[in-house]
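Residue numbers (the numbering used here): 305 to 428.
If you want it as structure tokens, here you go:
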């Protein structure tokens with residue numbers, strides 16, 4: 305169910321508060337990269353916007369298991385679209401998915417263990 309807020313600023317405040325709450329829960333010894341993308345990252349917020357987050361983890365469990373574990377850990381309080389890849393899956397998606405390329409190129413890096421994405425951006 306989509307929750308509508310009275311105005312975009314109220315929605316922005318709620319999303320940012322939730323992001324502050326969940327970011328420490330996303331980052332652990334398996335986390336390589338966390339990127340915020342979508343309307344909040346791009347400044348195109350609407351009253352129905354959600355959090356869109358890409359997470360790269362060195363966790364070789366099946367994709368559904370990785371997602372389930374993170375959703376249980378986070379217990380999101382707002383609508384959350386979470387994409388979880390291994391580093392190898394991310395490289396494949398970077399080549400094959402314009403959606404993922406756009407998220408990486410235009411998103412906001414919240415955590416980058418190796419600074420690899422930041423370095424790649426500086427080269428362009």
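Virtual Cβ for every residue (Gly too), placed ideally from N, Cα, C. Small disclaimer: the values here were computed from a predicted structure and weren't measured.
Item	Value
Please return the same chain residues whose Cβ sits closer than 7 Å to the Cβ of residue 319, not counting the five positions on each side in sequence.	344, 353, 355, 382
If we define contact as Cβ-Cβ less than 8 Å, is residue 399 a contact residue for chain B?	Among the protein chains of the structure shown there is no chain B, as only one such chain exists.
Could you have a look at residue 252 and say whether DSSP puts it in helix, strand or coil?	Outside the displayed span of the chain (305 to 428) sits residue 252, for which this structure offers no information.
My parser needs the alpha helix (DSSP H) runs of 4 or more residues fully inside the stretch 357–412; what are they?	367–378, 391–400, 402–410
With H, G and I counted as helix, E and B as strand and the rest as coil, what does DSSP make of residue 323?	helix
Compare the C-alpha of residue 348 against each of 416, 337, 411 and name the closest.	411
Would you kindly report the start and end of the unbroken alpha helix (DSSP H) that includes residue 343?	343–346
Under 8 Å, with one C-beta from each stretch per pair, do the stretch 323–342 and the stretch 356–369 reach the 3-pair mark?	yes
Taking Cβ positions, are residue 408 and residue 417 nearer each other than 8 Å?	no
Identify, in the order they occur along the chain, each residue of the same chain with its Cβ nearer than 7 Å to the Cβ of residue 315, setting aside the five sequence neighbours on each side.	309, 349, 351, 353
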